[in-house]
Amino acid sequence: MSIETTTQDQRSNEKPLIDVRNLQTAFFTDKETIRAVDGISVNIDAGETVGIVGESGSGKSVTARSIMGLVEKPGQILKGSSARFHQLETVKAYASEFSDHTVEVSQLRDQHNPQDLLDRIQSDISPETFDRDNRSDITLTDILAAGYGDKLGITSERDCVFITGRSGNRPENITSGFIELTRLEGEMQRKMRGGRITMVFQDPLTSLNPVFTVGNQIKEALDLHRGLTGEEATREAVELLEAVGIPDAGRRVDEYPHQFSGGMRQRAVIAMALACEPELLICDEPTTALDVTIQAQILELLEEIQEERDIGIMFITHDMGVIAEVSDRVNVMYAGEVIEKADVISLFENPKHPYTRGLLQSIPGGQGGDRLQTIEGNVPTPNEPADYCRFAQRCPKAFDACDVVHPKHVEVSEQNDHTAACLLYPEEKSQAGAVSLHREKGKAGDGDRMRGEKQ
Amino acid sequence: MSQNLVESGAEVSSDRRREREKLVEIRNLKTYYGESGLFGGRPVKAVDGVSFDIFNGETLGLVGESGCGKTTLGRTLLQLEDATGGEVRYDGTDITELSGDELYQWRRNAQMVFQDPDSSLNDRMTVGEIVREPLDVYEWGTPQECREHVKELLDIVGLRPEHYYRYPHQFSGGQRQRIGIARTLALEPDFMVLDEPVSALDVSVQAEIINLLEDLQEEFGLTYLFIAHDLSVVQHICDRVAVMYLGNIMEIGPTDELFNNPANPYTHSLLSAIPKPDPTATADRITLHGTPPNPRYPPNGCPFNTRCPARIRPPEYEQLDDEIWMGINTLRDVLLERQRADRSLRERIRERLGRQTRFASVDETYDDLFGHLNIPQDAASVLDEIVDYAADNDEDQALAVLTEEFGSVCEKESPEYSTVSETGRQSFCHRHSEEHARPSEVLDERY
Ligand SMILES: Nc1ncnc2c1ncn2[C@@H]1O[C@H](COP(=O)(O)OP(=O)(O)OP(=O)(O)O)[C@@H](O)[C@H]1O
Ligand code: SF4
Ligand code: SF4
Ligand SMILES: [Mg+2]
């Protein structure tokens with residue numbers, strides 16, 4: 001089956017809110033190319049919290065910034081990366097406002113066969129490039145979203161709204177589609193960032209301007225994204241501050257950020273984020289700088305907000321305790337890659353990847369008294385293509401193949417969607433069998449793994 | 001030795017208990033900042049009268065929220081900060097009285113390791129020079145001996161001899177912390193204050209440093225004061241723990257007891273706030289509202305009374321709904337806040353123009369807090385009175401009425417230390433006296 005079928009289209013309403021596939025972001029410095037994010041795939045549904053955990057330098061923040069379109073030079077998102085925002089209302093709004101940048105994939109299907117297109121693409125590609133298992137699974141949508149349509153003359157560089165299903169000609173008739181975040185620019189980018197997707201950083205002062213009152217900053221967001229001004233905006237700003245638990249909001253709305261305590265500032269930032277009624281909230285270590293008692297307040301607040309507004313949350317932290325508490329599903333990152341993903345319970349009760357296991361064992365507490373387990377060495381900087389296991393130098397289970405074969409994600413338990421990228425799996429296979437499976441997965445396409453082609 | 005055994009009066013199971021001789025005795029220690037300040041204003045009471053002992057060879061943990069005075073206390077113990085009052089007896093000598101050469105000589109015994117390995121090492125010195133510096137300062141041995149000693153120290157902390165000539169920026173965070181530790185060990189101190197030594201490190205690296213610290217203690221018989229906000233690290237490494245809040249020690253005692261069966265309401269709250277790396281853990285969480293008060297304006301009575309979930313309520317309002325109590329607490333926070341806040345010029349002008357912003361917003365706050373609740377007549381009339389004062393911008397009077405009516409011994413009198421277990425654990429709370437319910441009972445009931 002090589003042609004995208006309508007069944008696949010109809011499924012699209014159940015698609016995740018955001019679907020990140022093979023995201024790759026590299027920093028091209030004079031000395032080296034740092035593959036800060038090296039082919040990660042993550043998806044988040046509305047109302048769900050997906051955790052991203054990893055040690056310093058593992059690429060968590062770059063992941064968040066890539067989705068937000070905040071990667072700055074010398075950083076770049078590489079071709080083959082895709083981050084699809086599926087929220088239907090937003091897709092309709094974009095299709096009507098930016099019709100010049102809208103691609104009707106449903107109509108293009110008659111003219112293009114994905115398999116033929118794949119043959120014409122010059123770059124190294126494999127099913128993995130599109131986060132697919134088999135070449136025959138690759139769809140036209142995959143090819144276009146990953147940015148290969150431009151050279152093939154199907155899309156133009158600024159196209160970013162992709163319509164995959166409609167029941168009529170008008171924007172309201174769109175039944176499925178997405179906005180490709182890695183292709184957004186200018187006005188389209190501004191409306192997305194801070195409008196549909198907002199971010200809360202570790203340091204609230206990065207989001208707050210010291211020379212304006214907190215109220216004015218919230219009102220600015222209200223004006224920009226919801227067209228509220230004057231009295232109405234003031235009232236809404238006060239209500240938002242109240243909603244995030246700032247007492248005496250009527251007075252505090254006129255105060256400056258420096259008059260707020262750390263926890264209160266983070267609340268104000270969250271109020272600002274909510275001002276735009278986002279669908280997706282990306283939180284990068286939002287509580288790391290706070291005391292535990294204040295952290296507890298903020299986590300409680302986020303949970304309440306999520307329940308009320310059904311937003312999707314990407315929650316980034318290095319703290320395993322926080323991850324356990326907030327996440328529905330977890331991705332563990334190491335040196336730019338996601339090395340294990342699972343629902344939160346499986347991950348903690350039944351970790352499979354040697355790194356995840358080591359990480360959980362090195363947390364003090366629980367085992368009490370005993371010597372702490374450690375992981376020798378440090379997180380390496382991912383400055384070469386990953387054609388080996390980046391954890392091999394520190395892994396207590398490493399064997400020869402680990403230095404020459406890149407582990408792929410494979411199912412590691414009966415629990416659905418629990419995968420790890422380690423050559424020890426699938427467990428039921430012999431070691432040689434497992435290794436050749438990983439090797440095959442890497443080769444399954446025509447080419448090898450992506451070698452960092454700029455977009 | 002046998003003498004000590006008798007004194008401790010217990011069958012000694014752990015090696016550490018055996019030497020329960022006091023190394024440091026701290027009595028009513030106070031460190032205030034800006035006391036004699038130009039403005040003659042109120043001092044910041046960073047450490048506000050603490051008393052405890054540190055035993056030879058133990059690791060005493062010091063935990064609490066940021067700004068509660070942990071670092072100041074640590075620094076005062078080493079006389080890196082001048083004590084405002086009280087005593088620090090170290091092997092019998094009150095070091096707050098030392099000065100000049102005596103202090104300088106004493107300092108060799110006691111050293112500090114800092115939180116941030118990045119900023120505490122001079123990037124223009126080689127690792128060798130950094131570790132050596134204290135030796136040079138104290139004119140320790142010949143250059144040859146110093147170099148040998150430094151190499152030995154590098155080896156002890158798990159660095160290699162060739163690292164001697166490298167610069168700190170060539171090292172990872174964990175290795176930099178090792179450099180800092182080597183430097184601290186140079187003069188062979190007995191006592192070390194470790195101020196958040198692993199907070200800036202990744203978990204897997206942090207574990208190595210913790211293991212190193214434990215090894216060093218074993219090998220050299222060191223005594224540690226271990227300051228941290230990460231309670232799981234403290235639980236792992238410390239023999240005893242002191243819990244600090246707003247310049248006071250709220251509870252102090254053996255680690256296991258304190259973690260498994262906390263006595264003080266603040267310890268209860270702090271422990272319950274820690275997220276556990278176990279997604280199935282049922283979070284029976286006590287979420288504290290608000291933030292710790294400004295140490296320039298600590299509350300009267302118990303330092304924790306503005307946030308305490310177990311605060312004693314006056315008997316006539318014992319039956320009042322928890323939600324109403326929450327409202328009263330928030331109202332009090334708001335009033336305290338306003339009492340202190342500088343009224344901006346703009347606000348004053350607006351007031352004069354008859355647009356009484358504060359008036360309007362007190363009413364709003366009141367509605368917000370109590371509007372949806374059914375308040376009994378007696379409480380309602382007092383609340384009305386309070387709001388009237390507040391609307392007149394008389395926060396002092398409003399607060400006085402609030403405390404008079406809804407306050408209790410928690411607002412009026414400072415608690416005293418009570419011994420709460422056989423090991424001599426101490427807790428600073430009125431609820432340990434006979435006439436009140438125990439903190440844990442109250443918390444069970446209220447949460
Ligand atoms: N502007 C930049 N220029 C060059 N390299 C960068 C830049 N920003 C990030 N990197 C590199 O990308 C990698 C991933 O960094 P990132 O900030 O995403 O890590 P992180 O997981 O968020 O770490 P932390 O826990 O410390 O916040 C690191 O090797 C980092 O040095
Ligand atoms: S692939 Fe090899 S080195 Fe990597 S985690 Fe698995 S066993 Fe360890
Ligand atoms: S004295 Fe009162 S306010 Fe202080 S901890 Fe005890 S119950 Fe709470
Ligand atoms: Mg980060």
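Order-wise, the sequence lines are chains A and B.
Under the UniProt record's numbering, the first residue of the first sequence is numbered 1, with each subsequent residue one higher.
Under the UniProt record's numbering, the first residue of the second sequence is numbered 1, with each subsequent residue one higher.
Every residue gets a Cβ at the ideal spot worked out from N, C-alpha and C, and that includes glycine.
Residue 530 (chain B) in three-state terms, based on DSSP: Here chain B has residues from 1 to 447 only, and residue 530 (chain B) is not among them.
With burial defined as no fewer than 16 other Cβ atoms inside 10 Å of the residue's Cβ, what is the status of serine 430 (chain A): buried or exposed? exposed
Taking only beta-carbon atoms, is asparagine 378 (chain A) less than 8 Å away from chain B? yes
Count the other CB atoms, across all protein chains shown, that sit within 10 Å of the CB of leucine 222 (chain B); report buried if there are 16 or more and exposed otherwise. buried
Three-state secondary structure assigned by DSSP to glutamine 235 (chain B): Reduced to three states, the DSSP call for glutamine 235 (chain B) is helix.
Pairs of beta-carbons, one from the region 111-130 of chain B and one from the region 180-199 of chain B, closer than 8 Å: are there three or more? yes
Cβ of arginine 311 (chain B) within 7 Å of any heavy atom in ligand 3? yes
Starting from the C-beta of leucine 258 (chain B), find all residues in its chain whose C-beta is less than 6 Å away, skip the five residues before and the five after it, and write them out in chain order. Val241
Taking three-plus beta-carbon pairs below 8 Å as touching, is the region 259-270 of chain A in contact with the region 258-272 of chain B? no
Quick check: does the Cβ of proline 407 (chain A) come within less than 7 Å of any heavy atom belonging to ligand 2? Placement of the Cβ of proline 407 (chain A) at a distance of less than 7 Å from at least one heavy atom of ligand 2 is found.
Please confirm if arginine 329 (chain A) has its CB atom under 8 Å from at least one CB of chain B. no
For the beta strand (DSSP E) holding cysteine 283 (chain A), just list the boundary residues, first then last. From DSSP, the beta strand (DSSP E) with cysteine 283 (chain A) extends over 280-284.
For histidine 169 (chain B), does the count of other Cβ atoms within 10 angstroms reach 16, so buried, or fall short, so exposed? exposed
By Cβ distance, which residues of its chain are closer than 7 Å to aspartate 230 (chain B), with the 5 residues on each side in sequence left out? Closer than 7 Å at the Cβ level, and outside the excluded window around aspartate 230 (chain B), lie Ser199.
Distance, Cα to Cα, glycine 250 (chain A) vs threonine 49 (chain A)? 32 Å
With distances taken Cα to Cα, identify the nearest neighbour of leucine 270 (chain B) among B:Val113, B:Leu78, B:Leu288, B:Arg425. Relative to the Cα of leucine 270 (chain B), the nearest Cα in the group B:Val113, B:Leu78, B:Leu288, B:Arg425 belongs to B:Leu288.
Does any CB atom of chain A fall closer than 8 Å to the CB of arginine 18 (chain B)? Low confidence applies here, because arginine 18 (chain B) scores a pLDDT of 47, under 50, leaving its location unreliable and the question unanswered by this model.
DSSP beta-bridge partners of methionine 112 (chain B): Methionine 112 (chain B) pairs with B:Val193.
Counting only beta-carbon atoms, is alanine 398 (chain B) nearer than 8 Å to chain A? no
Simplified DSSP assignment, three categories, for phenylalanine 98 (chain A): In the structure shown, the three-state DSSP call for phenylalanine 98 (chain A) is coil.
I believe proline 382 (chain A) touches alanine 335 (chain A) by the beta-carbon criterion, under 8 Å. Please report the beta-carbon distance rounded to the nearest angstrom. Confirmed, about 5 Å.
Length at least 4, wholly inside the region 331-414 of chain A: the alpha helix (DSSP H) runs in chain order: Runs of the alpha helix (DSSP H) inside the region 331-414 of chain A: 344-349, 354-361.
Every unbroken alpha helix (DSSP H) inside the region 202-250 of chain B [4 residues or more]: Listed in chain order, the alpha helix (DSSP H) runs fully inside the region 202-250 of chain B are 203-220, 231-237, counting runs of at least 4 residues.
So for alanine 36 (chain A), helix, strand or coil by DSSP? strand
Could you work out which residue in A:Glu157, A:Thr129, A:Gly165 is closest to valine 91 (chain A) when comparing CA atoms only? Here the closest residue by C-alpha is A:Gly165.
When you compare the CB positions of tyrosine 138 (chain B) and leucine 154 (chain B), do they come within less than 8 Å of one another, or not? Contact flag unset, no.
Use the C-beta contact count for arginine 235 (chain A): other C-beta atoms within 10 angstroms, 16 or more gives buried, fewer gives exposed. Exposure of arginine 235 (chain A) is indicated by the presence of fewer than 16 other C-beta atoms within 10 angstroms of its C-beta.
Identified DSSP bridge partners for serine 261 (chain A): According to DSSP, which records beta bridges pairwise, serine 261 (chain A) is partnered with nothing at all.
Which residues in the same chain have their Cβ closer than 7 Å to the Cβ of glutamate 208 (chain B), if we skip the five residues on either side of it in sequence? These residues qualify, in order along the chain: Gly174.
CB of proline 351 (chain A) to nearest heavy atom of ligand 2: below 7 Å? no
Once DSSP output is grouped into helix, strand and coil, what is the label at proline 247 (chain A)? coil
Going by DSSP in three states, methionine 272 (chain A) sits in which element: helix, strand or coil? DSSP places methionine 272 (chain A) within a helical segment (H, G or I) once states are collapsed to three.
I want to see whether chain B comes within less than 8 Å of aspartate 203 (chain A), judged by CB atoms only; does it? With 8 Å as the cut-off, aspartate 203 (chain A) does not count as an interface residue toward chain B.
Can a CB atom of chain B be found closer than 8 Å to the CB of glycine 442 (chain A)? no
Going along the chain, which residues of the region 134-168 of chain B sit with their C-beta nearer than 8 Å to a C-beta in chain A? So nothing in the stretch comes that close.
Would you mind listing the alpha helix (DSSP H) stretches within the region 64-138 of chain B that are 4+ residues and don't spill past its ends, in chain order? 70-77, 100-106, 127-137
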